[in-house]
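Read the structure below first, then the notes.
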Amino acid sequence: MSTSHIVELPFFVTIIRIAQLVLTIIILGLAGNTINGLTGGSGATFGLEPLGFTIFCCVWTLLVNAYLLATPIFLPVAYNMWGHLALEALSWLFWLSGFASTASWASARSGWGNDSFLGYPSSYKSYWATAAAAAGMGAIMWILYTVTLVFFCLRLHSHRTDPNNAHLSSLGLAEKGGEGHQMGAVQHQQQQQVVYPPSEAAPTPVQQYVATPPPQQWQQSPPPAQGQPGQY
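Each residue of the sequence shown is one higher than the last, beginning at 1487 in the numbering used here.
Here's what the structure looks like:
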């Protein structure tokens, strides 16, 4: 099956995808450790919404990167260039919101573990550290998605302006339909054309002859004399 509807990206983008997956697993562990320590394992996220959103970003990234890495190789029919663009843009936006909110949350609790900060125990200092680390790595994730988004937009533009891909529709998956349409047109044209063997000539139209009357019938007898007025 042809894969001309797939936007080809440089190899280093694949390396970035793998790095994103590794960072995602690390951030997931850091954010999960903070939530588990502060809630005592109850799973409640009241007051920990930024960390909960960071975990959502991690799960989102695992699913998105699995799709972007696997479909061009193993399932090209499921790939869509506009869906790819939407996933890149949403991932960029999610990580921007995730790391910014987590960094703000951790900054407001930077005194955890100190006696002067509302009497929290010293163990809370490690939870602040893991939350701050999750925010810092989230910022790196946002930068990596900025790079992949920019490179994909550039390649998408060059892919769509390539004359070899002019037959693709806006969905990026209409190549099969375009080929079927062209094949149908060729078959229809071949059906209309009749090819005769070299030994046979094309039939000529039959000449139609009109029978002409014999010469003695060319002169018609004069019309009968009409009576004079008043005669019956």
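All C-beta atoms, glycine included, are put in the ideal place defined by N, C-alpha and C.
With contact defined as three or more Cβ pairs closer than 8 angstroms, the segment 1503-1518 and the segment 1534-1551 are in contact. Rounded to the nearest whole angstrom, the C-alpha separation of L1630 and Q1506 is 7 angstroms. When rounded, the separation of the alpha-carbon atoms in F1580 and E1574 is 10 angstroms. R1641 is a Cβ neighbour of L1495, given a cutoff of 7 angstroms.
The beta carbon of F1638 sits closer than 6 angstroms to those of E1574, all from its chain and outside the five residues before and after it, given in chain order. With fewer than 16 other CB atoms across the displayed protein chains lying within 10 angstroms of its CB, G1533 is exposed. Residue state for H1491 is assigned as coil, using DSSP reduced to three classes. Contact check for G1569 against T1540 fails: the beta carbons are separated by 7 angstroms or more. For Y1613 and W1591, the gap between their C-alpha atoms comes out near 12 angstroms. Annotation: L1524 to W1628 spans about 26 angstroms, alpha carbon to alpha carbon.
With fewer than 16 other CB atoms across the displayed protein chains lying within 10 angstroms of its CB, V1563 is exposed. Taking S1577 as reference, the option from T1632, T1557 and A1621 with the minimal CA-CA separation is T1632. DSSP places N1519 inside the alpha helix (DSSP H), whose first and last residues are F1497 to T1525. The shortest C-alpha to C-alpha distance from I1559 to any of S1644, H1645 and H1491 is the one to H1491. With a threshold of 16 other beta carbon atoms within 10 Å, V1636 falls short and is exposed. In this structure I1501 is not in contact with M1623, their Cβ atoms being roughly 17 angstroms apart against a cut-off of 8 angstroms.
In the displayed model, G1538 falls within a helix according to three-state DSSP. Burial state of H1643 is exposed, judged by a 10 Å Cβ sphere holding fewer than 16 other Cβ atoms. Following the DSSP letters along the chain, one finds Y1631 inside the alpha helix (DSSP H) bounded by residues Y1610 to T1647.
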